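Start counting the sequence shown at 26; every next residue gets the next number (the numbering used here).
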Amino acid sequence: MEEIIESYKSALREKISEIREEISKTENIKQKMDNLREELSQWGRSNLNSMFLQLKSYIEEHNPKFIENNKEKWDAILDKAQALSEYGLYIAPLDLLRTDDKKIQATYVGIGTFFAAALFSKLILKKIKVFPTLLTSALGGVGAYYLLGNNDEEAKNLAVEYVEDAHDWIKTAFENMYRAFQEAK
């Protein structure tokens, strides 16, 4: 049985390496990120289901006496393993990593610039000049919008971090499936 889980862990490492390479070579990281969660989730579920069937067959072939002597326990193991194959893998939404909040960041910079310009104006001129303060604030916000834009390298790094987290989630699902059958070994 150990060979079964090791083969799935090995396949997972290969898949993660393949995805990391795709991320490093992609020109359109935004589109790759749009498809990333679905690709990992689908691959994980497919392999988790395959692992379930392979472990079930392994026990049926190598330990039929356990099944005969422990019918209720075997049914409980199968129920648990079936539930794990259907619900045991959760890949977090990629929206948690998105850096599409440029407008919010630019707004904060604009507001901060407004207060800084108003304070500076009050300290230097002893009164607040509204028009120059608003103009400075608007220029600060617009500048921040373009300067704080989404960096492709940063997006690639976020995608790689997400893939590494997904690796851990899928690996844990494989280990949970393995533990479900370990009693029948």
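Glycine included, every Cβ here is placed at the ideal spot set by N, Cα and C. Source: prediction; values computed, not measured.
In its own chain, which residues sit with a C-beta less than 8 angstroms from the C-beta of residue i, not counting the 5 before and 5 after it?
i: asparagine 201; result: Leu109, Gly113
i: aspartate 177; result: Ile54
i: proline 118; result: Arg62
So, at 6 angstroms on beta carbons, what are the nonlocal neighbours of residue i in its own chain, with the 5 sequence-adjacent residues on each side left out?
i: lysine 96; result: none
i: serine 66; result: Ile116
i: leucine 103; result: none
i: tyrosine 203; result: Ile30
Give the straight-line distance between the Cα atoms of residue i and residue j, rounded to the nearest whole angstrom.
i: tryptophan 194; j: glycine 165; result: 42 angstroms
i: asparagine 88; j: glutamate 208; result: 11 angstroms
i: glutamate 93; j: lysine 210; result: 14 angstroms
i: isoleucine 29; j: valine 167; result: 56 angstroms
i: glutamate 189; j: methionine 26; result: 26 angstroms
i: glutamate 52; j: isoleucine 136; result: 34 angstroms
i: glutamate 86; j: glutamate 111; result: 24 angstroms
i: alanine 198; j: leucine 160; result: 55 angstroms
i: glutamate 186; j: lysine 98; result: 40 angstroms
i: aspartate 100; j: glutamine 56; result: 44 angstroms
i: asparagine 60; j: valine 155; result: 47 angstroms
i: isoleucine 149; j: isoleucine 48; result: 51 angstroms
Would you grab the beta carbon distance between residue i and residue j for me? Rounded to a whole angstrom, and I think it's under 8 angstroms.
i: tyrosine 33; j: asparagine 72; result: 6 angstroms
i: glutamine 107; j: phenylalanine 139; result: With a Cβ gap of about 59 angstroms, glutamine 107 and phenylalanine 139 do not count as contacting.
Which residue's Cα is closest to the Cα of residue i: the options?
i: lysine 50; options: Arg204, Ser35, Thr197, Ala184; result: Ala184
i: methionine 58; options: Lys181, Glu111, Lys196, Ala163; result: Lys181
i: threonine 158; options: Asp100, Asn60, Ala141; result: Ala141
i: glycine 69; options: Arg38, Leu150, Ala101, Lys151; result: Arg38
For residue i, collect the residues of the same chain with a Cβ closer than 7 angstroms to its Cβ; drop the 5 residues on either side in sequence, then sort them by chain order.
i: alanine 36; result: Asn72
i: alanine 191; result: Leu65, Ile116
i: lysine 40; result: Trp68
i: alanine 205; result: Ile102, Lys105, Ala106, Leu109
i: leucine 121; result: Its pLDDT being 47, under 50, leucine 121 is placed unreliably by the model, and the measurement read from it follows with that caveat. Within the same chain, leucine 121 has no close Cβ partners at all.
Closer than 9 angstroms, CB to CB, is residue i near chain C or not?
i: alanine 191; result: Looking for chain C here will not work: only one protein chain is present.
query: If we count Cβ pairs, one from each stretch, closer than 8 angstroms, do we get three or more for the region 72-89 versus the region 41-54?
result: Taking a cut-off of 8 angstroms on C-beta distances, the region 72-89 does not touch the region 41-54, as fewer than three cross pairs fall below it.
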